[in-house]
Amino acid sequence: MPKRGKLEIIKDILNIIQENHNSIRSTPLLRKSGLSSKSFYEYFQELLKKGLINTMQDSHDNKKVILTAKGKEYLEKYKTIVGFIDEFEL
Amino acid sequence: MMKGKNILSVLGLEIIYSFVIIVCSMMIYFGTKQLYELTSHKGIKYFRLGFLFFAIAYFFRSFIKFILFYFNVTKILDLSTNFIGTASLFLFMYFSSIAIFYLLYSVIWKKFKNEPVSLFFIHAAGFVIALVSILFRSPTVYLILNLVLFFSVSIIFYFAHKNHKKKKKGSGLYTTYLLLLVFWILNILDILVPSALQQFQLFIYLASIGVFLTLLYKVLKRVGGI
């Protein structure tokens, strides 16, 4: 399996959240992402900082990760982003 | 009266030409804003900044043309004792150089680990080129400077393109960038040594517009603007 690039990893993390009805705890998200704990934490912090994801407490007081509007936009635009980077060899 | 009319038509052509290029550059800059905001991708950042600097450089280019008409001289070098003339030439050369360097850096940034140092060198090179342009008032120096700039940048572009993993066949990106470089250098020479290219001026303008429109089309097609 080829090594995933940064943009692809971000897309995969956001996809996992979306496929879980836009609400998932961080432990299963880490497991499904296929990343090491250290890498996952770094990506998690970056996505929070960029405003692509957010955290919230559900009714059982569990901390859940959700997609923001910007995160959904990233998923919608992913093909365009990759196509643009390839086209201009950036 | 005829002379005044001629000046107005030439100035009008200059304004239209600069306006088209500046609009194309700014459309590329703002058209890619969303992609950059979503990804913070450094390649996209330098690509966008390259076109922003092109727009600024073209602004100063048309400003230089304007002051040439205003002071009724043909060469910017005749205004070397004039502060506005010298400052405009310096800013034009500085922004035009870093525009090319940023565009080049957008395709090779992954090879450089230390981003602040790379950017420092880009701005330092732009500063030196601009300084040489105002200190050495010789067309030969300009010609050598531009030839060195052209060959070094096109060779780096070529190898970056050749080694690119996901190279798209038939995209014509290298050719487009090469043409951009050729016509950009002709634009610089047109400002520094106007008599050398006077007969080809309209051709240079039309070809430059063609290159920028091609790039704008490629960008808009990719970002979904077309």
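One line per chain: the protein sequences are A and B, in this order.
Counting from 1, one number per residue, gives the positions in the first sequence under my numbering.
Counting from 1001, one number per residue, gives the positions in the second sequence under my numbering.
Just so it is clear, CB atoms sit at the ideal spot from N, CA and C, and this is done for glycine as well.
Just so you know, these numbers come straight off a predicted model, no measurement behind them.
Residue i vs residue j beta-carbon contact at 8 Å
| i | j | result |
| --- | --- | --- |
| B:I1108 | B:I1156 | yes |
| B:I1185 | B:L1149 | yes |
| B:R1222 | A:G5 | no |
| B:P1139 | B:V1193 | yes |
| B:I1122 | B:L1145 | no |
| B:S1208 | B:I1064 | no |
| A:I9 | B:T1039 | no |
| B:A1125 | B:S1097 | yes |
| B:Y1094 | B:F1127 | yes |
Exposure label - residue i; buried when at least 16 CB within 10 Å
| i | result |
| --- | --- |
| A:R31 | exposed |
| B:G1085 | buried |
| B:S1195 | exposed |
| B:F1212 | buried |
| B:K1111 | exposed |
| B:S1088 | buried |
| A:E42 | exposed |
| A:G71 | buried |
| B:Y1070 | exposed |
| A:K3 | exposed |
Residue closest to residue i, alpha-carbon to alpha-carbon, out of the options
| i | options | result |
| --- | --- | --- |
| B:Y1029 | B:I1209, B:L1052, B:T1214 and B:F1059 | B:L1052 |
| B:R1061 | B:F1019, B:I1100 and B:M1026 | B:F1019 |
| B:T1176 | B:N1163, B:F1120 and B:Y1158 | B:Y1158 |
| A:Y78 | B:Q1199, B:I1098 and B:L1035 | B:L1035 |
| B:I1100 | B:V1010, B:S1152, B:T1214 and B:N1163 | B:S1152 |
| B:T1214 | B:G1012, B:L1119, B:L1178 and B:F1120 | B:L1178 |
| B:L1008 | B:V1141, B:N1072 and B:N1082 | B:N1072 |
| B:G1134 | B:Y1094, B:F1127, B:F1090 and B:S1154 | Note that residue 1134 of chain B is Ile in the sequence shown, not Gly. Cα-wise, what sits closest to B:I1134 is B:F1090. |
| B:L1206 | B:N1187, B:F1120 and B:N1163 | B:N1187 |
Straight-line gap, residue i to residue j (C-alpha atoms, nearest Å)
| i | j | result |
| --- | --- | --- |
| B:L1131 | B:R1137 | 11 Å |
| B:F1183 | B:Y1058 | 13 Å |
| B:V1023 | A:A69 | 30 Å |
| A:K38 | B:N1114 | 23 Å |
| A:F88 | A:L14 | 25 Å |
| B:Q1198 | B:L1189 | 10 Å |
| B:F1092 | A:K50 | 35 Å |
| A:I53 | B:T1032 | 22 Å |
| A:F44 | B:L1220 | 32 Å |
| A:M56 | B:E1037 | 24 Å |
Residues near residue i by beta carbon distance below 6 Å, same chain, minus five either side
| i | result |
| --- | --- |
| B:Y1105 | Y1046 |
| B:H1161 | Y1174 |
| B:H1041 | none |
| B:M1002 | A caution first: B:M1002 carries a pLDDT of 48, below 50, which makes its placement in the model unreliable, though a value can still be read off. For B:M1002, where only same-chain residues beyond five positions count, there are no Cβ hits under 6 Å. |
Cut-off 8 Å between Cβ atoms - residues of its own chain near residue i, not counting five sequence neighbours on either side
| i | result |
| --- | --- |
| A:I16 | I24, L29, K32 and S33 |
| A:D58 | S23 and K64 |
| B:A1055 | I1021, I1022, S1025, M1026 and Y1029 |
| B:S1154 | L1178 and L1181 |
Residue i Cβ short of 7 Å to the ligand SAM heavy atom set
| i | result |
| --- | --- |
| B:I1144 | Looking for the ligand SAM in the displayed structure turns up nothing, as the structure carries no ligands at all. |
Own chain residues within Cβ distance below 7 Å of residue i, not counting five before or after
| i | result |
| --- | --- |
| B:G1050 | A1099, Y1102, L1103 and S1106 |
| B:S1118 | Y1105 and F1112 |
| A:Q18 | L67 and L75 |
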